[in-house]
Every structure is written in structure tokens, then in C-alpha cells.
Amino acid sequence: MRAQRISKAVAVGAALALALTACAPGGGNAPSESAGTSESSNGSNSAEPANSGLADLGDITTKDDEIKVTVGAPEFIGYNTNTPQTYSTYNSAIVDRVLSGFSYFGTDGVIYANDDLVSYEKTSDDPLTIKYTINPDAKWSDGTDITTADAVLAWATQNANLKNAKGKQLFDSVSADLGDTVPKGPEGDPEGKEFTVTFKNPDPDWQIQSWMGAPAHVVAKQGGMSTTEFVEAVRADDAKAITKAAEFWNTGWTTKPGTLPDPELIPSSGPYKLKSWSAGQSVTLEANENYYGTPAATKTLTFRFVDDGAMVQALQNKDLDVISPQPTVDTLAQLEALGDAVNIQKGDTLTWEHLDFNFRDKAAFKDSVELRQAFAMCVPREDIVNNLIKPLNPEAKVFNAREVFPFQENYDAVVEASYDGRYDAVDIEGAKKILEEQDAVGTSVRIGYSAPNPRRTDQVAMIKSSCDAAGFKVEDAGDPKFFAPGGTQERGDYDVALFAWAGSGQITSGQNIYATDKPQNYGEFSNKEVDAAWERLATSMDPAVHLEETKNIEKLLWDELFGIPLFAHPGLSASSADLENVRHTATQSQIVWNAEQWVRAE
Amino acid sequence: MLKFILKRLGASIGILFAASLLLYVLVINSGDPLWDLRESIADNRDYLMQQRSDYMNLDMPWYQRYWTWLVGVGGCFALKCDLGTNIQGIEVSGILASAATSTLRLVVLATVLAAVIGIAIGVLTAIRQYSGLDYGVTFLTFLFFSLPVFWAAVMLKEYMAIGYNDWMKEPSFSTTQIIIVALLFGFLMQVFLAGTMRRRIITFAVSAAFVGVVIPYLLWLNFFRYPQLGPAAIVVLSLAVALSATAMSVGVRNKQVLYPALITVGLGLGIYYATFSLMSEPNTWILIIGGILAVLIPGAIGHFMGGRHRRIAASVSAVTGLVFAGLTVVDHIFRAWPGFLSLKPRPIGTIGSETPNFGGDFWEIFLDRGAQLLLPTILLAVISLASYSRYTRASMLEVGQQDYIRTARSKGLSERTVIFRHAFRNALIPIATIAAFDFAGLIGGAVITESVFGWKGMGDMFITGLKGIDPAPVMAFFLITGTAAVLFNMLADIFYALLDPRIRV
Numbered sequence: 001m002r003a004q005r006i007s008k009a010v011a012v013g014a015a016l017a018l019a020l021t022a023c024a025p026g027g028g029n030a031p032s033e034s035a036g037t038s039e040s041s042n043g044s045n046s047a048e049p050a051n052s053g054l055a056d057l058g059d060i061t062t063k064d065d066e067i068k069v070t071v072g073a074p075e076f077i078g079y080n081t082n083t084p085q086t087y088s089t090y091n092s093a094i095v096d097r098v099l100s101g102f103s104y105f106g107t108d109g110v111i112y113a114n115d116d117l118v119s120y121e122k123t124s125d126d127p128l129t130i131k132y133t134i135n136p137d138a139k140w141s142d143g144t145d146i147t148t149a150d151a152v153l154a155w156a157t158q159n160a161n162l163k164n165a166k167g168k169q170l171f172d173s174v175s176a177d178l179g180d181t182v183p184k185g186p187e188g189d190p191e192g193k194e195f196t197v198t199f200k201n202p203d204p205d206w207q208i209q210s211w212m213g214a215p216a217h218v219v220a221k222q223g224g225m226s227t228t229e230f231v232e233a234v235r236a237d238d239a240k241a242i243t244k245a246a247e248f249w250n251t252g253w254t255t256k257p258g259t260l261p262d263p264e265l266i267p268s269s270g271p272y273k274l275k276s277w278s279a280g281q282s283v284t285l286e287a288n289e290n291y292y293g294t295p296a297a298t299k300t301l302t303f304r305f306v307d308d309g310a311m312v313q314a315l316q317n318k319d320l321d322v323i324s325p326q327p328t329v330d331t332l333a334q335l336e337a338l339g340d341a342v343n344i345q346k347g348d349t350l351t352w353e354h355l356d357f358n359f360r361d362k363a364a365f366k367d368s369v370e371l372r373q374a375f376a377m378c379v380p381r382e383d384i385v386n387n388l389i390k391p392l393n394p395e396a397k398v399f400n401a402r403e404v405f406p407f408q409e410n411y412d413a414v415v416e417a418s419y420d421g422r423y424d425a426v427d428i429e430g431a432k433k434i435l436e437e438q439d440a441v442g443t444s445v446r447i448g449y450s451a452p453n454p455r456r457t458d459q460v461a462m463i464k465s466s467c468d469a470a471g472f473k474v475e476d477a478g479d480p481k482f483f484a485p486g487g488t489q490e491r492g493d494y495d496v497a498l499f500a501w502a503g504s505g506q507i508t509s510g511q512n513i514y515a516t517d518k519p520q521n522y523g524e525f526s527n528k529e530v531d532a533a534w535e536r537l538a539t540s541m542d543p544a545v546h547l548e549e550t551k552n553i554e555k556l557l558w559d560e561l562f563g564i565p566l567f568a569h570p571g572l573s574a575s576s577a578d579l580e581n582v583r584h585t586a587t588q589s590q591i592v593w594n595a596e597q598w599v600r601a602e
Numbered sequence: 001m002l003k004f005i006l007k008r009l010g011a012s013i014g015i016l017f018a019a020s021l022l023l024y025v026l027v028i029n030s031g032d033p034l035w036d037l038r039e040s041i042a043d044n045r046d047y048l049m050q051q052r053s054d055y056m057n058l059d060m061p062w063y064q065r066y067w068t069w070l071v072g073v074g075g076c077f078a079l080k081c082d083l084g085t086n087i088q089g090i091e092v093s094g095i096l097a098s099a100a101t102s103t104l105r106l107v108v109l110a111t112v113l114a115a116v117i118g119i120a121i122g123v124l125t126a127i128r129q130y131s132g133l134d135y136g137v138t139f140l141t142f143l144f145f146s147l148p149v150f151w152a153a154v155m156l157k158e159y160m161a162i163g164y165n166d167w168m169k170e171p172s173f174s175t176t177q178i179i180i181v182a183l184l185f186g187f188l189m190q191v192f193l194a195g196t197m198r199r200r201i202i203t204f205a206v207s208a209a210f211v212g213v214v215i216p217y218l219l220w221l222n223f224f225r226y227p228q229l230g231p232a233a234i235v236v237l238s239l240a241v242a243l244s245a246t247a248m249s250v251g252v253r254n255k256q257v258l259y260p261a262l263i264t265v266g267l268g269l270g271i272y273y274a275t276f277s278l279m280s281e282p283n284t285w286i287l288i289i290g291g292i293l294a295v296l297i298p299g300a301i302g303h304f305m306g307g308r309h310r311r312i313a314a315s316v317s318a319v320t321g322l323v324f325a326g327l328t329v330v331d332h333i334f335r336a337w338p339g340f341l342s343l344k345p346r347p348i349g350t351i352g353s354e355t356p357n358f359g360g361d362f363w364e365i366f367l368d369r370g371a372q373l374l375l376p377t378i379l380l381a382v383i384s385l386a387s388y389s390r391y392t393r394a395s396m397l398e399v400g401q402q403d404y405i406r407t408a409r410s411k412g413l414s415e416r417t418v419i420f421r422h423a424f425r426n427a428l429i430p431i432a433t434i435a436a437f438d439f440a441g442l443i444g445g446a447v448i449t450e451s452v453f454g455w456k457g458m459g460d461m462f463i464t465g466l467k468g469i470d471p472a473p474v475m476a477f478f479l480i481t482g483t484a485a486v487l488f489n490m491l492a493d494i495f496y497a498l499l500d501p502r503i504r505v
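As they're listed, the protein sequences go chains A and B. If you count the first sequence from 1, position 326 lands on 326 in the UniProt record's numbering, and the numbers rise without skipping. If you count the second sequence from 1, position 409 lands on 409 in the UniProt record's numbering, and the numbers rise without skipping.
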């Protein structure tokens, strides 16, 4: 439920979760007011959701029942998920139920404020200033008020200017830039509920900046000081004073598998609190009886650590109520064989597959937009989606954009402005003609990807059979070391790269991919107009400008053919038929994003 | 002998040391520990990579990393082990403790069962070499041996977990099912008991009829949901054991042996009532101590009343006492079953070593753990049956050719004495080696079994560590399995000496 900026620093977990598809995180999407996702869920809801955010369940009381869920086999790590060691989507799936954030992603990646905890408003565009007001009733489960001090801790942990004796960042955090982007941090009475933050530069992604994480009163106490002293030391840049507290934040919550830290060290700010942990087996959450917002619908939520291959039978045997296996045709068939006993949630995810041209020294498509066009004409996008994706997600569509997804509101407008549909159908003759004109018949095309990956091997085979007919010579250059140091990608020994980006819900993250000399611009594409458009987008706070520039960028990328978008990866999860409110989400928060609303029907 | 052991130990430590160096270098070179970050889009990717590099000492040369690890492990001699931390910052010693416990729980029972049943099958098939039973059993053990673990696990879950649980809601057998089960049981019984055609037909008819009557009776009792044994059945069964054990050893007329056995049954009944409430809510220690007493006390009775047969009397009484105690435990488990079913309506789970948040009394927890252990144990045991039974069979057949067996037969010893006292004991010698190796290997965990049944044991620790290019857990795994291999290898040698006086040094 927590949406935070550090999801930008994706890292361990996200990449692990995506290991099978070998995606790299990235992409982004413009916020829109509301939009329907392409989910094709036949689940039942106790209250129909009004938009892609959490549904309003009305007045509910916690039901004394247990729901068992799995998001995968990896073991729980610990309460603090923001150190480089503990940052993992599996760990976050559990801890996000316990530690609330100021905002969360809806099922289509739209950002919503967490109304239970906070209200915020932008008070100025230049400099960008946001005023946050924490719910007066909001308390940690141990009774301490949630205050500005907690936001100051969140800021301190992401502030690289606080250094230890060895000159390293004091808080061993996955995020390090908040000290520079918001130099003064949250300003307000540490014991109060209101604070403002002032950004140095405009940041269109300010909404997912993380201002709420671990409890400041616990960290301060472990550091041998009062919460106020802690806040003062942080604001005074007094790294020495808070060294002990920072050390606790870094490692104090990491315990032996199976042993949770002392309950007073792990209070909850969310609808659930950590109750017990059985090493290698499960973590049990219990409804937080002091929760200030809508209470959890079910009292006990148990996360079990289960391998993909064992999930479907465990669901059938009612050892689990909700599962989220890797989407494969076999798994889906097994689930469908269970008939009415289960609800299957299918739909797109924010991870999308694409072919990217290589613009580096020896690559075949480097200098010729005509050859790129010829290749785009012969890639059988429709067939790829029909054969490989539709069996998993009947609603899947060929993807015609990079920065917005088909299930998002602006998609149609953006596509209409940027792409005329010329590569929708395979045009072998057209491609052949271009190749002949360019005297390039027989051009060899090495498609590189991170192997083994059966789906990508299939895609390359389909592209090969189509493009070879047009006169290309397609080679499958799949390699386990594609992304490794010294691997195919780094050496540039490929013409087209086939991989996926995982959308992070950010507006500006695409700049890293498409602008000149940016770290994720692997093919070294460079276009001045694109660079300029990104600059305008990233420095503006106006959604209309964002939309306009997105159209502009997409059109340039289609005209220049940066690459060819293919499809959004399908997502799959399933739940017992008697469970209500289990909803597919396209984001990386996974199926558990609204776990506090799940309840067994009477 | 001591010198021999010490020499072996010295050599083993050298081997372990060299192997650890080799493994460490192989592990840290087996891939790129930063692979996941390289594909990251995070704008602070380099910072994250630097953090991990620092954390895992990636910038040190390999010998320095190995040395750091070795110094930590060397602390073990000073009782201050430092096995390092894994990539997630968790102490490996903690992970190792829970992984080892979980693996031991998983494999010990399976190994013991596989060894006992496998050896029994081996002996039986050797005695009935080239019979239908021999071929049938050989076929089956090889079939099991070649089962793909993953597939077999799925099948077991489908029928023995999901199918059984569905059936358990309302246990029933159709008439056809009863007939088929009865015929099958009768057929198997005549195969096992063998004999002349007439005897086979009688065995078949009696056992088939028995099943045909018992199943409807049990259904009528609703035995599958409310199983019951009761003191009367325990006494009857124990008496049967007392009588047959006496008959098989010295004959029922021998009162020196029979009386202590009968007294044991009587005493057992008294204790059954005396300990009833204690046994309704026992703990593991009570059970262990009870089990020991159930052997010692009857053994003492037999010893003092047995006169010149005191050894036989003591063992007969001890066996009777143990059986009585065992049946008492079964009785209490039966009593706990309905309560267990209400706590866990689907008794056999497909995943996990326990039901999360299972709050029952001792027997209910016992049943829960047992039910979770059932499927993986069956799978592991069935797969390793083949090696034990085939080795035993070959070994028995070879021993059967020896001169001393012929001598034993020709001097008129009974076939039972020949087989068990002369042939079997000698045939066991090579089996000891296999068992030792097998056990050492099993401590390494059963990677696939662990992952399909959702246990996090040694295998899982190893594979997760290796995938993450994370040396600490892999090396911890190596320390345990390597030491176990060396240790059990040595134990096997010592066993050799015990079992075979000829090689005593």
C-alpha cells in the first residue's frame, strides 16, 4: 500500500521478482484521474470500487478469521525493508501491511493519498512546496502519536549528507538523494502533526516521495535520546549524536529467522501488526486493534513461503486462500481446472516487453531509419500477442506506447497523437522493398536477450520466420550473460535487444532511458528534440504539459524508431471463491495491495 | 584402533580444508553477485552496487575474502563461530540452525524407514529368489527409484492429500470399492505368505473375507472420523503378542517365560488407567521416559522370574511391554483425532512443516506435524527403497553361497537360525557403509522435495545461496555436509570393525 520514491531505487527484490522475465525496472506513466484496468477478474467484491484505488467498504468490523496468502518462496527478512540488504518485493509485501505510507498505487498505477493517515496539498509550484497534515487520531500501535518526527526520520534515512566516521552515509539506505532534493527536510514541530517540505527543483514525482517509514520514537530510544533530541540532531546535521540510532536503524531489526524483535520495537502504523514468525514457514499478521483508519476486514493474515510449483494444489487443498504464481499457460490451465472453487485474477502488469535498436558502433540499424522501419514492418506483433500473451490474458493488446499503458486513461490520446498504425499489420512486401532500395538484403540482425527465457525464444523464432521472408537474416543471440559485466549488452554485440521495463509509476523515469547519455539508454540513442522534450517534462509541475510532452516524445520515438513496444506482461493470481475483495493490480505492490480488505463471505 | 581413527581424522580435516578453499573460489566465481542491480533502472544504481560491493567485500581479492571467512569459522575452535552473514544481512548461524532442524525432521524418519523396509524387502526377495514376489518387488522398487520427484510429489498431493481430505469429510466405500480392496489385499497376502497352492487359496480367501467384513464394520463405527481402540483391544492385542512371542521362542508351556509376559500385560493395564490423565496431555520427555520404562520394567520382571530362561523371558516381556506402551500411545492419538479434525478439517496439508498458528494440545500438535511430515516422508523413503533392497538382496545371495552357510545347514540348524544368525548378520556389513553414506547425503537436504513441500532446509539454503552468488550460506552448508560425510564415513569403518571381527585392528 505504501508507494514511495525508493521504489525508484528498485533493486534487489524487484529484479528478483522479475528474474524469470529478466526485466529491468523503469518506464513510467502519467497520472490520470481514474481509469479502468484491463483486468478480467471474476472475483466478487463486498463493495464495488469506484476507481482504481481502494474501495470504500463502509463501516466494517474485523472478522475473527484467518486468510493465508503466498507471494512466493523467499523467506521474510525483517521489519525494515529499506536497507540494501532487506529491500525486496517479497519482504515489502508483508511489511507494507504494517507500516503505512502517505500514498499508494491504485490497480492501474495511479497515485492515491492514504486518507486514513494524511492529507496533503501543494502550496507552491516555485519552489515546489507541499504541506502535509497527519490525521490527528493517527497513532502507532503502541499508542505514540504519528508526528512530524517520523517524517524527519524518513528524511534522515535518505539523506546522504549525514555521514559516519568513515565518510559513508550514516543510514544504510537504498535511497540517498533526499538530502539534496529537499535540503531542509520536513519543517514543523516534531511533536506536531503538520509539516511542509520544500523541493530545491521541481519534481513531478513528489507524490511518491516517502515521508513515512519506521517509528522515530523507537529509533530515538534505541539511540539513547528523546524523540525531540533526535529531530534536533538530524536538523543540525549532528551525525555523531545520532550514530547509535542510525546503527539501530541499519541492523537492529534484523533478527534470527523465526524470531521477531521485541514487540515494543516493531509497532505498527498500518491495519496489521506483526504477530509471529515461524522460520521458513510463515509470518502471521494480526489486525492492529489501535488502528485509526478503516480496520482490517479479517483478523489474521498469514503469509506462507511457498514455491510456485506448489501453489495451485495448496490453493485447492485450502492450505492457502490467495496465491500469486508466475503466470504460465500451465498454471492457468491448472487453475481453470479447479472450476468454481477459485476466482482467477488476470490482467496486465506495468512491466512491458519491447525491442530496442542498438545505435552503437557496429550495429546494423545504427544509421538507417529506413532499415529500422523495414524491421518494424516485419515484426509480427499481433501474432506474438495472440499466440504468447492472449492465452494468459484474453484482454491483452498490442502495445503502441512506451510511457502510458493501454489500461490508462491517456493511452488513446497519446497513441492517436504519436502513431498512425503503420506497423500494426505485418508488411513483408513493404519491408522487402525497403531492403532492396537500401541494398541491404541479407542484413544480419542479432536479437539479444537474457536467456534462458522460453517466451523470448518463441518471440525471436516468430520474428525470424517473418523477417527472414522480407530479406533480413535474424539470429537468436540469447545469452545468460546478456546483461552481465562484459556480456553481450555491454559489449554492444547485438542489433536489437529484447527485454522488459517494469513501470514504477513515476512520471520522469523514462528520461533515464530515452535521453542522451542516460544510464538506462543502453543502445545509446541520441536525439536533441527528445532530450529537450524530457527536460521540459521533468521540470514542469503541470499535468497538461506532462501530457503534451509525452505525446511529443512518443511521436519522436515512433518516427525515429527508438524501438518497438510489444506487450504488457500478463499478471496472474487466484483466490478461494469464498473470498471477497481480492483485486488484481498492475503495479509491483502485487495482489496483497489491498489485503486489509479481504474477507471471507458468510 | 585409536591411532587409526586419529589418522583418519587428520586426513579428513586436511581434505575438508582443501575442499572448502576450492568450493569458496568456485562459488564466488560462479556468477555476478550484482546481476540484479545491473538491470536496475534506479538512478542511484551505482550507489546500490557500491553498497553491496562493500557489504560483501567484493573488491577484496579472493584469497582475502576466503581468509576472512576462514578466520570467522576458525573461531569455532574457541566456541565463537562466525559463519558470516548472507546477502540479506542475516547471521548464517541462525539460518543454519533452522535449516538443519527442518532437514533433520524431514529426513531422519524417511531414512530409517527406507533402511528398515528396504533391508526387509532385500532379505525377503533373496530368500525367494526368482519368485513372482521377487520380480514384482524388484519391478516396483525400480519404478519408485526412477520416479521424477517433482511429478511424484504432485501425484501424492493429488491423491493422498487433496483426495484423502475430500474423502475424510464423509468417509465411505462403495460395494465395488470394498470388493476390489478385499481382492487386492487377499492377493497380496498370498503373495507374501506363499506356500502350496492350497495354502495360498486359503490365505487369499481368509484375508479377502476379513477385509470384506472389517471395512463395512469400521464404516458403521464411523471409525475414520472417530477411531477408537480402548483398553480391551489393547489388552487383547498385547496378550496375542505375549503368547506368540513366547510360542516362537520357547513354547507356551514354558511358564518361566509366559508368566512374566502375562504379568507385564496386567501391569500395563494398571498403568494405562493410572497414567490416563498424564498421557492425555503429556510432553516429549514423558513419552521418552515412559518408553524406556516400558522396556526396562518388564525386562526386569522377566529377568527375575525367568530362571534359566531369564534372557529370553526378559526380551519377551520387554517386547510385550513396548507393544503395550505403543498401543497406549495409539489409543491416545485416536482419542485426539476428532478434536484434531475439528481444528483442521483437511488433515493433510500439501505444504509446510506445520499449520501456521495451529493451537492444539500436545497430541493435536503431534498429529498436525505428523500429517505434514507424512507425504514427504513417503516420497523420500519410497525413492531410496531400491538401493537398500537391491544391495541387501545381492549381499544376502552372496553370503548364501558361502561354505559356512552350507555348514550351518548341514549341522541341522533351523532355516530361521541360518538366515538370521549366520547369513543376515554377515550380509549387513556392506549395508552399513551405504546407510552411513546415505544419511550423510540426506543431511545435505532434499532440494526438490523441500521446495515442493514448502520446507526450508539445508537444500534450500544451499540453492538460494548459490543463486545469489552468496558464499556464506553455501560454505555453511558445506561445513555441515562435508563434516557429516567425513564423520559418517569414519563411523562406517568403526561399524565394520564391530560387525566383522576379522578386520579388527
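All C-beta atoms in this analysis are idealised placements derived from N, C-alpha and C, irrespective of residue type, glycine included.
Scanning chain A for C-beta atoms nearer than 8 Å to the C-beta of V27/B yields nothing, as the closest lies near 17 Å away.
The C-beta of W455/B comes closer than 8 Å to at least one C-beta of chain A.
Listed by position along chain B, the residues whose Cβ is nearer than 7 Å to that of D493/A form an empty set, because the closest Cβ is around 16 Å away. Annotated three-state conformation of Y522/A is coil, per DSSP.
By the CB criterion at 8 Å, T377/B and L143/B fall outside the cutoff.
Listed along chain A, no residue sits closer than 9 Å to S414/B by beta-carbon distance, the nearest being about 51 Å off.
Between L106/B and G457/B, the beta carbon gap of about 6 Å places them in contact (Cβ cut-off 8 Å). The residue among I215/B, V137/B, N57/B, F224/B with its C-alpha nearest the C-alpha of I179/B is I215/B. Restricted to the stretch 413-454 of chain B, the alpha helix (DSSP H) segments that are unbroken, complete and at least 4 residues in length are 425-443, 447-452, listed in chain order. For P376/B, the enclosing alpha helix (DSSP H) covers residues 362-400.
Between the stretch 561-577 of chain A and the stretch 231-243 of chain A, the count of Cβ pairs shorter than 8 Å is below three; the stretches do not touch.
Within the stretch 61-86 of chain A, E66, K68, T70, A73, P74, E75, I77, G78, T83, P84, Q85, T86 place their CB atoms closer than 9 Å to a CB of chain B, listed in sequence order. For I95/B, at least one C-beta of chain A is nearer than 8 Å to its own C-beta. At the C-beta level, Y292/A and A413/A stay beyond 8 Å of one another. By the rule that beta-carbons nearer than 8 Å mark a contact, R455/A does not touch chain B.
Counting along the chain, A574/A sits inside the beta strand (DSSP E) bounded by residues 563-576. Within chain A, the residues placing a beta-carbon under 8 Å from that of E354/B are S278, Q281, ordered along the chain. Interface criterion met: the Cβ of P257/A is under 8 Å from a Cβ in chain B.
Taking a C-beta distance under 8 Å as the contact criterion, S93/B and W455/B do not qualify as a contact pair. For the C-beta of D307/A, the chain B residues within less than 8 Å are, from N- to C-terminus, S451, V452, G454.
Each of S526/A, G510/A, P406/A was checked against the Cα of D517/A, and the nearest Cα belongs to S526/A. The Cβ-Cβ distance between T61/A and P394/A does not fall below 8 Å. In terms of Cβ geometry, H569/A and E353/A form a close pair [threshold 8 Å]. P327/A has its alpha-carbon roughly 6 Å from the corresponding atom of G571/A.
Between the alpha carbons of E370/A and N521/A lies a distance of about 21 Å. Secondary structure remark: continuous beta strand (DSSP E) runs of at least 3 residues inside the stretch 160-215 of chain A, in chain order: 194-198.
When secondary structure is reduced to three states using DSSP, S268/A falls in the coil class, being assigned neither helix nor strand. For the stretch 311-344 of chain A, the residues whose beta carbon sits under 8 Å from a beta carbon of chain B are, in order, Q313, A314, Q316, N317, K318, D319, L320. Taking each of A233/A, L274/A, S124/A in turn and checking the Cα distance to N80/A, the smallest one comes out for L274/A. Beta-bridge pairing by DSSP links K63/A to T298/A.
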